[in-house]
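A.B. asks: There's a structure below that I have some questions on.
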Amino acid sequence: MSIGIIPNETLFVEIVLFLVFVVVVNYMVLKPYLGIAKERQDQADKTLKEAQALAKEREMLLKEAQEILEKAKKEAQQILEEAIKKANDEKQRILKEAEEKAELEYRTQIEKIKQELEEQKKVLEASLDSLVESLVEKVIKG
């Protein structure tokens with residue numbers, strides 16, 4: 234089985250020229266292309282790593298922000314509860330003070346009324362005494 238090709242010098246020259254062409258293409262086209270492709274792949278890998286790092290940082294910051302928000306809500310609730318407690322305490326104090334003041338005013342007015350009653354009683358007794366004397370005089374004279 235022969236293919237019918239007779240090797241001569243031109244075949245060897247063509248093979249050598251083809252190999253030179255392959256080497257030249259390898260150095261001038263293929264290696265720079267592969268270098269650029271590697272740079273792009275490296276850049277893509279770097280960008281992917283940066284994106285992953287940023288995603289992790291974003292998640293961490295989001296979690297931290299949520300924790301801060303929860304802490305702020307708890308603090309606000311605590312402050313609100315304290316303010317309500319203080320307001321209720323102040324209300325109770327004011328009510329107690331007003332009640333004591335009203336009680337004192339009530340007692341003062343009661344004492345004042347008692348004194349006025351005593352004075353009116355004395356005036357009435359004096360009037361009654363003079364009226365009785367006058368009636369007794371009229372009865373005796375009359």
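The opening position of the sequence shown corresponds to residue 234 in the numbering used here, with each subsequent residue numbered one higher.
Note that beta-carbon positions come from the ideal geometry of N, C-alpha and C, so glycine has one too.
Please read all numbers here as calculations on a predicted model, not as lab measurements.
1. Does any C-beta atom of chain D lie closer than 9 Å to the C-beta of A270?
2. Check N259 in the structure and name its three-state DSSP category.
3. Expressed to the nearest angstrom, what Euclidean distance is found between the alpha-carbon atoms of L267 and F254?
C.D. replies: Here's the rundown:
1. No chain D is present in this structure, which holds just one protein chain.
2. Locating residue 259 in the sequence shown gives position 26, counting from the first residue. In this structure, N259 counts as helix in the three-state DSSP scheme.
3. Looking up residue 267 in the sequence shown gives position 34. Looking up residue 254 in the sequence shown gives position 21. Note on geometry: alpha-carbon atoms of L267 and F254 lie some 18 Å from one another.
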